[in-house]
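Have a look at the structure below, then the notes.
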């Protein structure tokens, strides 16, 4: 009986670990020229310069500042709604990239076949969002950090998104 229980526990452990670590993408892949989780909007300006415009949202207990560099590239900083710190002190919690000239550390960019990502790091978890867009999401260390590659009908990368929590 002991052997059966141990065997079942071992098999369950293997099953659950396989789903948690189905890919080999390192957290460093989330950073664009050094900009990623836990960096600040001041650091974003140092790397990418002044944004073309800035949007701010305050509500639901949060304050979100978006640096808009173009319709193809945005960086998001977030804090609590009560926090009146200057924008530059806000922590980066995400970005949206549709610009073909901005690459991940491994050189992935919009327009490339998603298969290149799979070849290097394994497949992400496939999903369809509320607009019907197909994406592949990579989670990191059971943390609330994700890197998502949206694809077009030809499975070419159409957008890269970083999403994190505080």
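Residue numbers (mature numbering (1 follows the signal peptide of the UniProt record, and there is no 0)): -22 to -1, 1 to 144.
Yeah, the Cβ is synthetic: ideal placement off N, Cα and C, and Gly gets one too.
- The C-beta distance from residue 18 to residue 71 rounds to 11 Å, too long to fall under 8 Å, and the pair is not in contact.
- A Cβ-Cβ contact shorter than 8 Å links residue 78 with residue 88.
- In this chain, the beta strand (DSSP E) harbouring residue 35 covers 31 to 37.
- Looking at 137, 7, 121, 118, the one whose alpha-carbon comes closest to that of residue 112 is 137.
- Membership of residue 108 in any beta strand (DSSP E) is not indicated, and neither H nor E is assigned to it by DSSP.
- The alpha-carbon of residue 53 is positioned some 4 Å away from that of residue 73.
- Per the DSSP secondary-structure output, residue 134 pairs in a beta bridge with 91.
- Note that the region 34 to 47 does not touch the region 91 to 105; fewer than 3 beta-carbon pairs, one per stretch, sit closer than 8 Å.
- Distance from the CA of residue 11 to the CA of residue 139, rounded to the nearest whole angstrom, comes to 15 Å.
- Rounded to whole angstroms, residue 31 and residue 44 show a C-alpha spacing of 8 Å.
- DSSP, reduced to helix, strand and coil, places residue 46 within a strand of the structure shown.
- Annotation for residue 118: 5 place their beta carbon closer than 6 Å to its own, counting only its chain and skipping 5 residues before and after.
- Counting only the Cα atoms, residue 20 lies some 9 Å from residue 27.
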